[in-house]
Amino acid sequence: MALTELIFTLVGACVVLFYCAKLVHMLMLLFPRVWYPLPENFFTSMGKWAVITGASDGIGKAYAQELARRGLNVVIISRSKEKLDRLAREIEDTTGVKAITIAADFTKDDVFGVIKENIQGLDVAILVNNVGMQPAFIPCKLLETDHLEEKMHQVINCNVKTAVKMCHIVLPGMVERGRGIILTVSSGMAKIPFPIYTLYIATKIFLERFSQGLQAEYKSNGILFQTVSPFGVSTAMMGNQKAGFFVFTAEEFVRSSLMYLKAGEQTYGSIRHAVLGWVIQAIPTWVLRSEAFHHIFQEFVKKQVAS
0 MALTELIFTL
10 VGACVVLFYC
20 AKLVHMLMLL
30 FPRVWYPLPE
40 NFFTSMGKWA
50 VITGASDGIG
60 KAYAQELARR
70 GLNVVIISRS
80 KEKLDRLARE
90 IEDTTGVKAI
100 TIAADFTKDD
110 VFGVIKENIQ
120 GLDVAILVNN
130 VGMQPAFIPC
140 KLLETDHLEE
150 KMHQVINCNV
160 KTAVKMCHIV
170 LPGMVERGRG
180 IILTVSSGMA
190 KIPFPIYTLY
200 IATKIFLERF
210 SQGLQAEYKS
220 NGILFQTVSP
230 FGVSTAMMGN
240 QKAGFFVFTA
250 EEFVRSSLMY
260 LKAGEQTYGS
270 IRHAVLGWVI
280 QAIPTWVLRS
290 EAFHHIFQEF
300 VKKQVAS
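The sequence shown finishes on residue 306 if you use numbering that gives the first Met the number 0, and the numbering steps up by one all the way, no holes.
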């Protein structure tokens with residue numbers, strides 16, 4: 000009897016401690032500048048250059064602009080040379096830093112030789128693995144995806160292979176210098192099973208585990224790895240949905256996410272998205288897997304895109 004009471008007491012104490020830790024963590028997220036302060040020269044102390052993939056629009060563009068404002072020269076890489084050149088001129092005119100553009104279609108197989116040639120020897124402070132794509136604009140079951148064979152190849156190249164290859168290019172220099180940051184953009188939806196986004200979410204889960212593994216392998220070399228997992232951000236890939244309480248503009252989200260750079264190997268990038276993540280993870284899995292939920296969510300996305 001005494002043993003049973005002891006076991007229940009210990010289990011109860013563990014539960015209380017777990018939720019107390021959750022509460023403390025949430026309170027810390029409310030005040031990132033207090034708990035996770037970054038010196039003004041933090042990024043420039045890591046090196047001279049930022050390398051950003053998928054930089055012509057959305058979150059990648061916002062990272063390029065924000066890191067340039069913080070004193071880093073930028074290498075911006077994306078498919079559209081016209082957009083990259085326009086962004087480079089804007090960054091150089093407004094911040095005075097240098098901007099190098101590299102046009103590359105990450106859905107293709109052989110784009111990394113040119114990238115390596117252009118950034119080799121640069122003192123890279125931060126790599127932002129941002130580029131990504133969805134197999135379908137409106138979420139659907141895997142077999143309902145148009146041109147599925149082609150889309151599988153493109154999504155895996157863009158979302159998975161690119162991050163691995165960019166780390167392979169940039170990481171040796173960071174290890175040699177003993178400093179650097181590798182930031183990888185994932186998705187809040189990767190925290191739960193999310194049918195109708197199956198292929199896309201699977202690639203984001205890969206990125207999270209890949210980043211966690213590299214953090215364990217190279218933390219002793221002075222390199223910081225973090226995945227950022229946003230929910231709603233108003234970008235072209237998300238249908239340029241209207242900004243609101245849970246939907247940030249790309250610029251707002253990037254400024255917020257950088258405040259949590261020292262908050263651990265994974266972050267939602269904002270307290271609002273962290274709360275949303277905790278709520279969504281509390282939803283029973285059977286709800287997320289139901290056909291009714293799939294239909295409701297598809298209709299919701301269609302309305303967001305139409306508005």
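All C-beta atoms, glycine included, are put in the ideal place defined by N, C-alpha and C.
### Task
Taking the CB atoms as reference points, tell me whether Gly179 and Ile114 lie closer together than 8 Å.
no
### Task
Report all residues from its chain with a CB closer than 6 Å to the CB of Ala273; omit the five preceding and five following residues, and keep chain order.
So the list reads Leu28 and Tyr267, once near-sequence residues are dropped.
### DSSP state of Val274 mapped onto helix, strand, coil
helix
### Residues that DSSP places opposite Asn72 in a beta bridge
Answer by DSSP bridge pairing, in chain order: Trp48.
### Task
Evaluate contact between the stretch 74-87 and the stretch 251-260, counting only Cβ atoms and requiring at least three cross-stretch pairs below 8 Å.
Contact between the stretch 74-87 and the stretch 251-260 is absent, because fewer than three Cβ pairs lie under 8 Å.
### Query
Mind pulling the beta strand (DSSP E) runs of 3 or more residues that sit fully within the stretch 117-148?
Fully enclosed beta strand (DSSP E) runs of 3 or longer: 123-128.
### Message
Does Leu16 pass the burial test, meaning 16 or more other C-beta atoms within 10 Å, or should it be called exposed?
### Response
exposed
### Query
What alpha helix (DSSP H) runs, 4 residues minimum, are completely inside the stretch 192-248?
197-217
### Task
Please report how far the alpha carbon of Val300 lies from the alpha carbon of Ala12, in whole angstroms.
42 Å
### Message
Judging by CA-CA distance, which residue of Pro38, Leu275 and Ser55 is the nearest neighbour of Ile191?
### Response
Nearest C-alpha to Ile191: Leu275.
### For Asn72, the nearest candidate out of Asp56, Ser79, Gly53 and Gly46 (CA to CA)
Gly46
### Query
Does the Cβ-Cβ distance between Thr202 and Val154 come in under 8 Å?
yes
### Message
Quick check: the Cα distance between Asp108 and Asn156, rounded to an integer number of angstroms?
### Response
7 Å
### Message
According to DSSP, is Leu182 part of a helix, a strand, or is it coil?
### Response
strand
### Query
Looking only at its own chain, which residues have a Cβ that is under 6 Å from the Cβ of Gln265, when we skip the five neighbours before and after it?
Sequence-distant Cβ neighbours of Gln265 in its own chain, meaning closer than 6 Å and more than five residues away, are Thr226.
### Message
For the beta strand (DSSP E) containing Ile99, name the first residue and the last one.
### Response
Ala98 to Ala102
### Task
Please classify Ser79: does DSSP put it in a helix, a strand, or coil?
In the structure shown, the three-state DSSP call for Ser79 is coil.
#### Entry: 8 Å CB neighbourhood of Cys139 in its chain, flanking five on each side removed
Ile195 and Gln297
#### Entry: Bridge partners - Gln265, DSSP secondary structure assignment
Thr226
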